[in-house]
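Protein sequences appear in the order of chains B and D.
End of the first sequence = 173 in the working numbering, gap-free, step of one.
End of the second sequence = 1100 in the working numbering, gap-free, step of one.
Note that beta-carbon positions come from the ideal geometry of N, C-alpha and C, so glycine has one too.
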Amino acid sequence: MLHLVLFLVFGAICVAGAINLLAQSHPISSALSLVVVMASLAVEYLLLGAEFVAAVQVIVYAGAVMVLFVFVIMLLNAGAEERTKGSHVALALGVPGVLAGGLLVAWTLLKRSDTGTVALGSLHGDPKTIASFLFHEFLLPFEITSILVLIAIMGAVVLASRPDLKPPAGKES
Amino acid sequence: MVPVSYYLVLSGILFACGVVGFLIKRNIITIFMSIELMLNGVNLSFVAFAAHLQKFSGQVFVFFVMVVAAAEAAVGLAIIIAVFRTRETLNVDQVNLLKL
């Protein structure tokens, strides 16, 4: 019962944050509602027992990635976005289409699937277990993602550097 | 006891919000945040299926998704800075050429 109440409360916060992200016109407001979504998702992970995933979600997503976003928004001095009028046909067909598709998927998942129920914290993903999987069974993907991060760091530095900026005098080779 | 399908519906709602934001938003940074929202929705279904199948692979895979998302955020925001430097705008309607 407590599990269901916690799921519903934090699921509602999550969906409210996601809808607020769409409704706000200023990027800073959208970024802060994305932080709300990620923090409440961390609680949902905790309810499923994935405690290490929840901690990493808060540290990496709600912390590092969102700081990067807010930093870029501040750096570029982004103002409120200009709304452009979309076509009426897209609005008239798109909204009922999305609602019908969503209701069909939700009905199928809720009534026609035999996925059963999960107890509170049913799969206890503590750091020790996760690490033993990450460094034995998933060692090759782990090493490949480390190369990916290295390439991403170099790419970010190259893309964000200014080509017209001269190196300081006296250090040219 | 909560049905797994509740978690899947929540994950679907988050993914749908991300898709709608990707399509209707005009600010390039907000579009980027919608992509992060979609990735978070997928992560929730990974963890829910991990709990349902009692396998840790789903929880481990979430870390790979997070690493890819972090790399994508770093490169994407660098691209946004480069675009802003040449065009002085963040509105995607005014960014219609790959090269100036």
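Interface criterion met: the Cβ of Phe7/B is under 8 angstroms from a Cβ in chain D. For Asn1096/D, the three-state secondary structure derived from DSSP is coil.
In this chain, the alpha helix (DSSP H) harbouring Glu51/B covers 51-56.
If you check each beta-carbon in the segment 1010-1036 of chain D against every beta-carbon of chain B, the ones closer than 8 angstroms belong to Leu1010, Gly1012, Ile1013, Leu1014, Ala1016, Cys1017, Gly1018, Val1020, Gly1021, Ile1024, Lys1025, Arg1026, Asn1027, Ile1029, Thr1030, Phe1032, Met1033, Ser1034, Glu1036. For Ala64/B, the nearest beta carbon of chain D is closer than 8 angstroms to its own beta carbon. Between Val1002/D and His3/B, the beta carbon gap of about 5 angstroms places them in contact (Cβ cut-off 8 angstroms). When the Cα atoms are used, Leu1014/D and Met38/B turn out to be separated by approximately 11 angstroms. Assigned with DSSP and collapsed to three states, Thr117/B falls in strand. CA-to-CA, the gap between Leu1039/D and Leu22/B works out to about 16 angstroms.
Residue range 2-23 is occupied by the alpha helix (DSSP H) that includes His3/B. In the DSSP annotation of this structure, the continuous segment of the alpha helix (DSSP H) that includes Ser29/B starts and ends at 27-47. Asn1043/D carries a helical assignment under DSSP once its states are collapsed to helix, strand and coil.
About 13 angstroms separates the CB atoms of Val1092/D and Ile1035/D; that is not less than 8 angstroms, and the two are not in contact. Here the C-alpha atom of Val118/B lies approximately 7 angstroms from the C-alpha atom of Ala1051/D. Taking the C-beta atoms as reference points, Thr115/B is found no nearer than 8 angstroms to Phe1064/D.
Just so you know, the alpha carbons of Leu140/B and Ala50/B end up roughly 23 angstroms apart.
Secondary structure note for His88/B: its alpha helix (DSSP H) is the uninterrupted segment 88-111. For the C-beta of Phe69/B, the chain D residues within less than 9 angstroms are, from N- to C-terminus, Ile1029, Phe1032, Met1033, Glu1036, Ala1073, Leu1077. Under DSSP, Asn1027/D shares a beta bridge with Asn1091/D. In this structure, DSSP gives Pro141/B a helical state, which the three-state scheme calls helix.
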